[in-house]
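Chemist: FYI, in my numbering the residues of the sequence shown are 268 to 513. Note that the Cβ used here is the ideal one computed from N, Cα and C, for glycine as well. Got a structure here, written out as structure tokens. Questions coming.
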Amino acid sequence: MQEIINLFEKSNNIVVFTGAGISTNCGIPDFRGANGLYSFVAKKYNLPFPEAVFEINYFKENPKPFFDLSKEMVSAEIKPSLAHKFIAFLEEKCKISLVMTQNIDMLHQKAGNKKVVECHGTYSTATCLNCRQKYSLLNIEESLKKGEVPYCKCGGIIKPDIVFFGEQLPDNFFSAYRNPPKTDLLLVMGSSLTVQPAANFALSLAEKHKSILINFEKTYYDNMFTYVINEDIDIFCKKIWDNIKI
268 MQEIINLFEK SNNIVVFTGA GISTNCGIPD FRGANGLYSF VAKKYNLPFP
318 EAVFEINYFK ENPKPFFDLS KEMVSAEIKP SLAHKFIAFL EEKCKISLVM
368 TQNIDMLHQK AGNKKVVECH GTYSTATCLN CRQKYSLLNI EESLKKGEVP
418 YCKCGGIIKP DIVFFGEQLP DNFFSAYRNP PKTDLLLVMG SSLTVQPAAN
468 FALSLAEKHK SILINFEKTY YDNMFTYVIN EDIDIFCKKI WDNIKI
């Protein structure tokens, strides 16, 4: 553990890559677990397949399952975890180059991070699927909290700017992918690294730099990382935070 603490202390260009596992302690179920969000929504709405909730063509015909799930994501009750706060602390200490997240829960921003790329999109903005009118979260927040489908004045469905299956990832992801920031440590937290192309961003950095993977379960890519920690992410972050000198 002391080696890892030393690595945090001497690194000034940390790139963080986070997945659903960093938010499970906040009360948000992960997507693919036995009790995950896919399983919950698939059973409730008898979906043709669990991922249909994020499939753009299915959404256009059946938006209700997605907006039911969205209640969990925008709930005011959901607060950043200790791990989110630790990453914000590292940015405050000028040690973070970039936070790349697969999550759509906005918890990094709630914790105080500014250097965030949401590679699977965001709830902070939304777009009418019919007339392309743009909306902010404030415009549709009440509908989201109730699990209701928000509609534009033109009658079109207002879809949060989340990346669905069949849609392109945002430009800022590809910009970071093509021109990765200066990196002296890669920190992957709570991701199984199975969803592409986002995971390739982390894996390409793991090939070139010191790296730490913290995930509750083993992954197929464990051997690519300098250190692999299989434990609760908040517990790991508390150990580092309690002992780091920066």
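Alpha carbon to alpha carbon, what distance is there between residue 513 and residue 399?
Modeler: The residue you call residue 399 lines up with position 132 of the sequence shown. The residue you call residue 513 lines up with position 246 of the sequence shown. Straight-line Cα distance between these residues: approximately 47 Å.
Chemist: CB residue 465 to CB residue 351, shorter than 9 Å?
Modeler: Your numbering for residue 465 matches position 198 in the sequence shown. Your numbering for residue 351 matches position 84 in the sequence shown. Taking 9 Å as the Cβ cut-off, residue 465 and residue 351 do not qualify as a contacting pair.
Chemist: Would you kindly report the start and end of the unbroken alpha helix (DSSP H) that includes residue 332?
Modeler: Residue mapping note: residue 332 aligns to position 65 of the sequence shown, counting from 1. For residue 332, the enclosing alpha helix (DSSP H) stretches over residues 331-341.
Chemist: Return helix, strand or coil for residue 487, following the three-state DSSP convention.
Modeler: The residue labelled residue 487 in the question sits at position 220 within the sequence shown. Coil.
Chemist: Please check the pair residue 452 and residue 278, which I expect to be a contact at CB under 8 Å, by giving their CB distance rounded to whole angstroms.
Modeler: Taking the first residue of the sequence shown as 1, we reach residue 452 at position 185. Taking the first residue of the sequence shown as 1, we reach residue 278 at position 11. Contact flag correct, Cβ pair sits at about 4 Å.
Chemist: At what residues does the alpha helix (DSSP H) containing residue 494 begin and finish?
Modeler: Taking the sequence shown and counting its residues from 1, one reaches residue 494 at position 227. Looking at the DSSP string, residue 494 is not in any alpha helix (DSSP H); the run it does join, the beta strand (DSSP E), is 494-496.
Chemist: With respect to the alpha helix (DSSP H) encompassing residue 583, which residues constitute its N-terminal and C-terminal limits?
Modeler: Outside the shown range of the chain, which is 268 to 513, sits residue 583, and nothing can be said about it.
Chemist: What do you reckon, are the CB atoms on residue 323 and residue 431 nearer than 9 Å?
Modeler: Here the question's residue 323 lines up with position 56 in the sequence shown. Here the question's residue 431 lines up with position 164 in the sequence shown. Yes, the pair counts as a contact, with Cβ atoms nearer than the cut-off.
Chemist: Looking at C-beta atoms only, is the number of pairs between the region 390-408 and the region 416-434 that lie closer than 8 Å three or more?
Modeler: yes
Chemist: So the candidates are 289, 423, 414; which of them puts its Cα closest to the Cα of residue 401?
Modeler: Locating residue 401 in the sequence shown gives position 134, counting from the first residue. Measuring from the Cα of residue 401, the nearest candidate turns out to be 423.
Chemist: Could you work out which residue in 500, 494, 501 is closest to residue 269 when comparing CA atoms only?
Modeler: Residue 269 sits at position 2 when you count from the first residue of the sequence shown. Checked all of 500, 494, 501; the closest Cα to residue 269 is 494.
Chemist: Measuring alpha carbon to alpha carbon, tell me which residue in 488, 380, 406, 458 is nearest residue 369.
Modeler: By one-based count along the sequence shown, residue 369 stands at place 102. Considering only alpha carbons, the answer is 458.
Chemist: Just how far apart, CA to CA, sit residue 376 and residue 367?
Modeler: For the purposes of this step, residue 376 is taken as residue 109 along the sequence shown, with counting starting at 1. For the purposes of this step, residue 367 is taken as residue 100 along the sequence shown, with counting starting at 1. Cα to Cα, residue 376 sits roughly 12 Å from residue 367.
Chemist: Which same chain residues, not among the five before or five after residue 315, have their C-beta less than 8 Å away from its C-beta?
Modeler: Residue 315 sits at position 48 when you count from the first residue of the sequence shown. Cβ neighbours of residue 315 beyond the five flanking positions: 325.
Chemist: Specify, as a first and last residue, the run of the alpha helix (DSSP H) that residue 410 falls within.
Modeler: Position 143 of the sequence shown, counted from the first residue, corresponds to residue 410. 404-413 is the extent of the alpha helix (DSSP H) around residue 410.
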